[in-house]
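Residue numbers 1 to 112, in the numbering used here, belong to the letters of the sequence shown in order.
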Amino acid sequence: MEKVHVIHNILSKFNELALFVSKKKFQISLTVLIYYELHDLLDEASERKERFLDLDEDISLAVKEGMKKYKKYYTFMDTSDTYYTALILDPQIKDDLLLDKLEDKTTRREIL
């Protein structure tokens, strides 16, 4: 993979998520989903998994540094009940989160 193209792909997804959060009518309940999506992106790139199998090691190491910053803010968010309360109050987000994170289809159907 060409380095510039790969860096652009990673940063453009990050930019897309940042712009989404910056909207005037952003819903706090979407924050957790965005954090999960960002985690998946950073994890795949830093560990050279999935679509990043051929990722240059220099880029992978740079993404690992970004993952450290991510974990700092995620830990802060994870200890706050506000985000999870917002999820419970927004049924559509709760459904999407459960469908995305629960692997057992029977459990998903029972909860929903």
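Ideal Cβ placement from N, Cα and C applies to all residues, glycine included.
- Taking 8 Å as the cut-off, the Cβ atoms of L33 and L97 count as close.
- Considering only D100, I59, Y36, the residue with the shortest C-alpha distance to K71 is Y36.
- A45 and L55 do touch by the CB rule: their CB atoms are close to 6 Å apart, below 8 Å.
- Short of 6 Å from the beta carbon of F20, and not among the five residues preceding or following it, lies no beta carbon of its own chain.
- By the Cβ-count criterion, I111 is exposed, with fewer than 16 other Cβ atoms from all chains shown falling within 10 Å of its own Cβ.
- Here the C-alpha atom of K105 lies approximately 8 Å from the C-alpha atom of L99.
- In this structure, E57 is the residue among D78, E57, K69 with its C-alpha nearest to the C-alpha of E2.
- Annotation: the continuous alpha helix (DSSP H) that includes E16 extends over 3 to 21.
- If you check the CB distance, V63 and L38 do not come in under 8 Å.
- By the neighbour-count criterion, in which 16 or more other beta carbons inside 10 Å mark a residue as buried, F76 falls on the exposed side.
- S60 sits in a helix when the DSSP states are folded into three classes.
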